[in-house]
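Below: the structure, in structure tokens.
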Amino acid sequence: MQTRTVEGANVPGTTDRPVVVFENVSLAFDDKVILRDVSFTVSEGHTKIFLGASGAGKSTILKLILGLLKPDGGRIWFNGERVDTMSEREMMKVRADLGMVFQEGALFDSLTVAENVGYKLYEETDMPIQDVRRRVEEVLGFIGLGEYIDQMPSELSGGQRRRVAIARAIAPKPRVLLYDEPTTGLDPITASTVDDEIIKLRDLENVTSILVTHQLRDAFYVATHEAVRESGRLRLSPADERKADEAEFIMLQDGLIHFEGNAAEIRTSGDPYLKNFLS
Amino acid sequence: MLTFIGEKIKGWLLEVQEYVRLCGAAIRGSVTRPFYFHDVVEQFEIIGLGSLTVVVLTGFFTGAVLALQSGMTLDQFGARPFVGRLVSASMIKELGPVLTGLMLAGRVGSGIAAELGSMVVTDQINALRALGTDPIRKLVVPRLLAGFWMAPVLTVIANAVGILGGWLIAVFQLRVASSLYWSSIIEGLYLEDAWMGLIKPFTLGFVIVTIGCHVGLRTRGGTQGVGRATTNAVVASSVAVIAVDFFVTRLLFTVLY
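As you go down the protein sequences, you meet chains A and B in turn.
Each residue of the first sequence is one higher than the one before, counting from 1 in this note's numbering.
Each residue of the second sequence is one higher than the one before, counting from 280 in this note's numbering.
Set out below in structure tokens:
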């Protein structure tokens, strides 16, 4: 199994324990190859950012981690368990530790914001209703949408819907969050509020983050900033070298990993495809 | 040409296989936990209560037109007083279940396909799975239970209203004595007919809902795909209603009579 040692691995909350591991994963739909021989490791509390053009197989990786799709070849490990061979019923237990923010949010439009956010706690746990309500209020407060609790998703703006989707993913307190194009289609100001949520969750709650995007600005912002709580106040500032090193980029091209490295490495890379993509 | 036919047949077989698998999973989901009680109650209301108006109207006018038509025909044999018998037998054995089934296919089958189809194309089904919910248990099972149990109830209501419609025509148009109408119904009704009229809608309710769910969950291709799925669900479940009605009738004739 591929591992990577990171400086500062003894810092509380950041270990080098691999959470998600892909080993030579391949997937094709009919004749169209989506992924070929993709291998990578995501460590606890770290960030992995997948870049690539549309159709490069980025979202597929998230669906493979969740078990929504099964690979044609290779192995996928989550929290030390092999998940690619698991049945749907076994996967349900694994998904308890995973939260996913879908492209466009995928909120349930027949349920209110509160019912969406508390969905898993209401339906899939024995948590008392008052406790669920409290947790929903807490999570909506965290993302700053407390006053929209009883509205329907159709009454919210695009950015608000995306943030509610984040709230729904984090309400059951998963250890790993998967973001599928969380800022695509949002204006830069709203996008940065979504980016801030991602950073806050990663740094304050120690949530491992896997981010799929083709919004470079947001990808670099998330990779190079950190959230710190100083005397009760929350502050977002440029990340130090160690923290920035915990955010790794993977560039996918035609189902293959074209580049792997941190923000500084991707910026200084001389690779023509990468340069073209970044420009 | 041959490969085209081969591909088509393969596609059909795959569709049937997926349909059978869905039915199996839904039946299993109906008798095992977790069970989403709230959704089941909601679907009983949407499918049962929601279809009441259309079923009552259909039943009423069918009974009335049946009395009108058969009254004229029976007149040729001097058998006008038997109109009640004809209306009740036709309604209970055949027209009640089939027409209620067709109405449900149009109203419920299309609704299910459209709802589940749009949930598929907006990733809501994947979101359910990601949140640890089995979409079959959460979405298919409540609809299946509601369709299975409400179709017979609606059919009985349609039959009753149809016989009432027939009575109105018999009394006020055909001038048949009210008592004669009712006594001919009672005399002409056999227990086997009642069984047949009651067993059929269970199977029709099952078929309509499962086809709606199957077509909805296999929706591909955005909003256009949802439109296509809705049309397909109505066409497939309407044809299935007529076909299943025939086969169940054939089977029940062997078993009951």
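Each residue gets a CB set at the ideal place from its N, CA and C atoms; glycine is no exception.
Bear in mind that the values here come from a model prediction, so they are computed numbers and not experimental data.
Worksheet item: Helix, strand or coil: which one does DSSP assign to Asp-413(B)?
Response: coil
Item to complete: Give the C-beta separation of Phe-40(A) and Phe-22(A) to the nearest angstrom, bearing in mind that I take them to be a contact with Cβ-Cβ under 8 Å.
Response: 5 Å
Fill in: Distance, Ala-114(A) Cα to Ile-288(B) Cα
47 Å
Fill in: Distance between Pro-71(A) and Gly-388(B) (C-alpha atoms, nearest Å)
34 Å
Practice prompt. Closer than 7 Å by C-beta to Val-333(B): which residues in its own chain qualify, once you throw out the five before and the five after it? Chain order, please.
Written response: Met-382 and Arg-386
Practice prompt. Determine the chain A residues that contact Asp-354(B) at a beta-carbon separation under 8 Å, and present them in chain order.
Written response: Near Asp-354(B) there are no residues of chain A at all, since even the closest Cβ is about 54 Å away, more than 8 Å.
Worksheet entry | Closest by C-alpha distance to Thr-85(A), when choosing among Leu-98(A), Gly-67(A) and Val-101(A) | Gly-67(A)
Fill in: Three-state class that DSSP yields for Asp-180(A) in the structure shown
strand
Worksheet entry | Helix, strand or coil at Val-83(A) according to DSSP, with G and I counted as helix | coil
Worksheet item: Counting along the chain, where does the alpha helix (DSSP H) carrying Asp-203(A) start and finish?
Response: 188-204
Worksheet entry | Segment contact flag, the stretch 356-369 of chain B with the stretch 438-446 of chain B, C-beta cutoff 8 Å, min 3 pairs | yes
Item to complete: Report the partner residues of Trp-77(A) according to the DSSP bridge assignment.
Response: Val-21(A) and Arg-82(A)
Worksheet item: How would you call Pro-174(A), buried or exposed, if buried means at least 16 neighbouring beta carbons within 10 angstroms?
Response: buried
Item to complete: Keeping to the same chain, check which residues put their C-beta closer than 6 Å to that of Val-419(B); ignore five residues upstream and five downstream.
Response: Ala-305 and Cys-492
Worksheet item: Alpha carbon to alpha carbon, how far is Ile-198(A) from Ile-129(A)?
Response: 27 Å
Practice prompt. Have a look at Arg-168(A), Glu-241(A) and Ile-61(A) and flag the residue whose alpha-carbon is nearest the alpha-carbon of Glu-138(A).
Written response: Arg-168(A)
Practice prompt. Counting only the same chain and skipping the five closest in sequence on each side, list residues whose C-beta sits under 6 Å from that of Asp-74(A).
Written response: First, the amino acid is wrong: residue 74(A) is Gly here, not Asp. Closer than 6 Å at Cβ, skipping near neighbours: Glu-23, Asn-24, Val-25 and Ser-26.
Worksheet entry | Interface flag, Glu-138(A) vs chain B, CB-CB below 8 Å | no
Practice prompt. Can you tell me which of the three DSSP states Gln-103(A) falls into?
Written response: coil
Worksheet item: In terms of residue numbering, what span does the alpha helix (DSSP H) encompassing Val-440(B) cover?
Response: 420-451
Practice prompt. Give a yes or no on whether 8 Å exceeds the smallest Cβ distance from Thr-482(B) to chain A.
Written response: no
Worksheet entry | Same chain only: Cβ atoms within 6 Å of Ala-425(B), ignoring 5 sequence neighbours per side | Gln-322, Phe-323 and Ile-326
Worksheet item: Which residues in chain A sit within 8 Å of Ala-425(B), going by Cβ to Cβ distance?
Response: Per Cβ cutoff of 8 Å: no residues; Ala-425(B) is ~16 Å from chain A at best.
Practice prompt. Check the Cβ of Arg-242(A) against every Cβ in chain B and list those closer than 7 Å, keeping chain order.
Written response: Here the premise fails: no neighbours, minimum Cβ distance about 32 Å.
Worksheet item: Are at least three pairs of beta-carbons, each pair with one atom in the stretch 392-399 of chain B and one in the stretch 451-468 of chain B, less than 8 Å apart?
Response: no
Item to complete: Return the residue from the list Ala-264(A), Lys-243(A) and Gly-99(A) that minimises the CA-CA distance to Ala-227(A).
Response: Lys-243(A)
Practice prompt. Assuming Val-377(B) contacts Leu-453(B) (C-beta within less than 8 Å), just tell me the rounded distance between them.
Written response: Not a contact, Cβ separation roughly 25 Å.
Worksheet item: Should Leu-142(A) go down as buried or exposed, given a rule of 16 or more other Cβ atoms within 10 Å for buried?
Response: Note that residue 142(A) is Phe in the sequence shown here, rather than Leu. When all chains shown are included, Phe-142(A) counts as buried.
Fill in: Host alpha helix (DSSP H) of Arg-529(B) (start-end)
501-535
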